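Participant: Line by line, the protein sequences are chains A and B. Once you know that position 176 of the first sequence is 189 in the working numbering, the rest is easy, because the numbers rise by one and skip nothing. Once you know that position 24 of the second sequence is 658 in the working numbering, the rest is easy, because the numbers rise by one and skip nothing. Glycine included, C-beta positions come from ideal geometry on N, C-alpha and C. A quick note: this is a predicted structure, and the numbers were derived from the prediction, not measured. Attaching a single structure in structure tokens format; questions to follow.
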Amino acid sequence: MPALKGSLTYARYFVEGDLPEDFKEKFGKAIRLRAMKPLDPDEEAAERSGWCRVGDPLEVDLGYEEVFYNSYVNLGFRTDRWAIPGPLLRAKLRDAESVYLKKAGRERLSRKEKGELKELVTKKLRRELTPATRAADVSWSLDEGIVRFFSASPKEGAKMEGLFTKTFALKLVPEAPYTLAARLGLSRAQDKLWADLEPTAIAAEEV
Amino acid sequence: MQLTDRIEKRRFVGREFLLWLWFESELFDGTLTTKEHGSFGFWIERQIILTRAKEATRIAGVQPAAAREAKESLLLGKMPEAAAFHISMGNHETTFTLKAERLLVTGLKLPTVLGTTPDAPPVDLSKARRPPPRRKREEVARQEQRESDEAHESFYERMQLTRDFEAVLEALYRDFLTLRLGEAWEGVAVQLRAWAAGEDVDAEAYRAERDRSMGGARRAPARARAAAR
């Protein structure tokens, strides 16, 4: 359900703050700085998110032409994660533990040794696997001050919000009945009622 | 109070908004009106989900909201969590599902003209075609430019239609808030309860009260109403 074709599934976010004067140049640099960097099996991180080209998760070379569509900034939000199946990790760990114990001529491993062994096995398995990649399109309408995130997952949305703020130094407010009402604008009288609003009971009696 | 708390405490308003859309579309035979857009077709189709805590009632069908279970669920204290809607405006037909608590839009089908390719099917790599024969560099560049221009044009059209669609939803939400945060709401709530219980509701009396609450500005110009008919 991407931005460029097919049916649309998206959550809206309202951008708080003003654009800097030279925003195209600044944002271009900031986007390239936060472009997706592939995971390395030897590093600690088990997951990483970054920007990619809209509609093309594997393209992380983000030139001006690929990102700025007139008054829109279009990006892909990509997340890579090492997803090692639990049973595989446990089986490999058991094998490694028995080899280690046999070599050391011991019957038990200390907690520290277990931890180190798990890290070694995990890194070895990572070298044999490919990280799982997810991506969702992001379209920022600069004149509306609205970001449309083409995913229904609140968890992914929260991650995207984080990366957006790091990249552009602007805050995103997720759309909800409360935030849309604030954006549409309430009168003082409405605002007072809104603050103390209680749900309307439709059932004849509390069930 | 933190913003996140304020957001959480007002999520129920989204459910009431869906309930009100259902109520009005049924009362006015699938024709809603906003000051900005005049009259247009608006009704629930395919699915409605009503929930109360962990209890859920999912109703699917051509007119799911007309099913007996739908209003029975309301009387059991359930409220709409999501509903699939159809908007018919001019020659444009738009369908979407609205999830109440996040005002999340899913499966929005727009009346696009450009780049009307449906969701692309997964690529079967086993049947991948051989690469095309080598062409002149300039010809390839021209082709890529054409494709890029078409993709941009298609994107602008989709975004314009999305913005038009959102303007309708926002106008309806604004009207709902005017009613919900006005003196008339107490009377509307009585009518909602009667409607949920299957009693007759006087549509014209409701319309008059609602229009009064909205400062009489709600009724569409006669020309727009005639065009919608």
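Would Ala830(B) count as contacting chain A if we go by Cβ distances under 7 angstroms?
Facilitator: Yes, because at least one Cβ of chain A sits closer than 7 angstroms to the Cβ of Ala830(B).
Participant: Answer yes or no: does any C-beta atom of chain A fall closer than 7 angstroms to that of Ala690(B)?
Facilitator: Ala690(B) does not count as touching chain A.
Participant: Looking at the C-beta of Arg844(B), does it have a partner C-beta in chain A at a distance below 7 angstroms?
Facilitator: Not one chain A Cβ lies under 7 angstroms of Arg844(B).
Participant: Taking C-beta pairs closer than 7 angstroms, name the residues in chain A that Arg743(B) reaches, listed in chain order.
Facilitator: Here residue 743(B) is Lys; the residue named in the question, Arg, does not match the sequence. The answer, in chain order, is Ser20.
Participant: Quick one: measure Cβ to Cβ for Leu732(B) and Ser707(B), integer angstroms, because I've assumed they're closer than 8 angstroms.
Facilitator: So it is not a contact: roughly 18 angstroms between Cβ atoms.
Participant: Looking only at its chain, what residues have a beta carbon closer than 6 angstroms to the beta carbon of Glu670(B), apart from the 5 residues adjacent to it on each side?
Facilitator: Once the five neighbours on either side are set aside, the close Cβ partners of Glu670(B) are Ala805.
Participant: Name, please, each residue of chain B whose Cβ falls closer than 9 angstroms to the Cβ of Leu17(A).
Facilitator: Within chain B, the residues near Leu17(A) are Gly749, Ala785, Ser788, Phe789 and Arg792.
Participant: Check the DSSP bridge columns for Gly675(B) and list the partner residues they point to.
Facilitator: Thr665(B) and Ser722(B).
Participant: Output needed in chain order: residues of the region 181-194 of chain A with a Cβ under 9 angstroms from some Cβ in chain B.
Facilitator: Of all residues in the region 181-194 of chain A, Val186, Pro187, Glu188, Ala189, Pro190, Tyr191, Thr192, Leu193 and Ala194 have a Cβ within less than 9 angstroms of some Cβ in chain B.
Participant: Would you say Thr135(A) faces chain B, with C-beta separation under 7 angstroms as the test?
Facilitator: Not one chain B Cβ lies under 7 angstroms of Thr135(A).
Participant: Take Ala659(B) and list the residues in its own chain whose beta-carbon comes closer than 7 angstroms to its own, dropping the five residues that flank it on each side.
Facilitator: Before going on, a small fix: residue 659(B) reads as Ser here, not Ala. Leu666, Phe676, Trp677 and Ile678.
Participant: Helix, strand or coil for Ile215(A), going by three-state DSSP, please let me know.
Facilitator: Ile215(A): coil per DSSP, three-state reduction.
Participant: With C-beta atoms as the reference, is Leu106(A) less than 7 angstroms away from Val134(A)?
Facilitator: Yes. Within cutoff.
Participant: I need the DSSP call for Lys7(A), collapsed to helix, strand or coil.
Facilitator: No answer is possible for residue 7(A): the residues shown for chain A start at 14 and end at 220.
Participant: Could you spell out where the beta strand (DSSP E) holding Ala694(B) opens and where it closes?
Facilitator: Glu689 to Gly695 is the span of the beta strand (DSSP E), which, as asked, contains Ala694(B).
Participant: Compute the beta-carbon to beta-carbon distance between Ala694(B) and Gln681(B), rounded to the nearest angstrom, for a pair I have assumed lies under 8 angstroms.
Facilitator: Confirmed, about 5 angstroms.
Participant: Taking beta-carbon pairs under 9 angstroms, can you tell me which members of the region 26-50 of chain A lie near chain B?
Facilitator: Residues: none.
Participant: Looking at the strands, I want to know which residues DSSP matches up with Lys733(B).
Facilitator: In the DSSP output, where bridge partners are listed per residue, Lys733(B) has Ala716(B) and Leu738(B).
Participant: Short check: CB of Ala48(A) to CB of Gly63(A), under 7 angstroms?
Facilitator: Closer than 7 angstroms, so yes.
Participant: Between Glu110(A), Pro144(A) and Arg66(A), which lies nearest to Trp95(A) when the distance is taken from Cα to Cα?
Facilitator: Trp95(A) has its Cα closest to that of Pro144(A), out of Glu110(A), Pro144(A) and Arg66(A).
Participant: Which word fits Leu142(A), buried or exposed, when buried means at least 16 other C-beta atoms lie within 10 angstroms of its C-beta?
Facilitator: So Leu142(A) counts as exposed.
Participant: Exposed or buried, what is Pro51(A) when buried is set at 16 or more other beta-carbons lying within 10 Å of its beta-carbon?
Facilitator: Pro51(A) comes out exposed.
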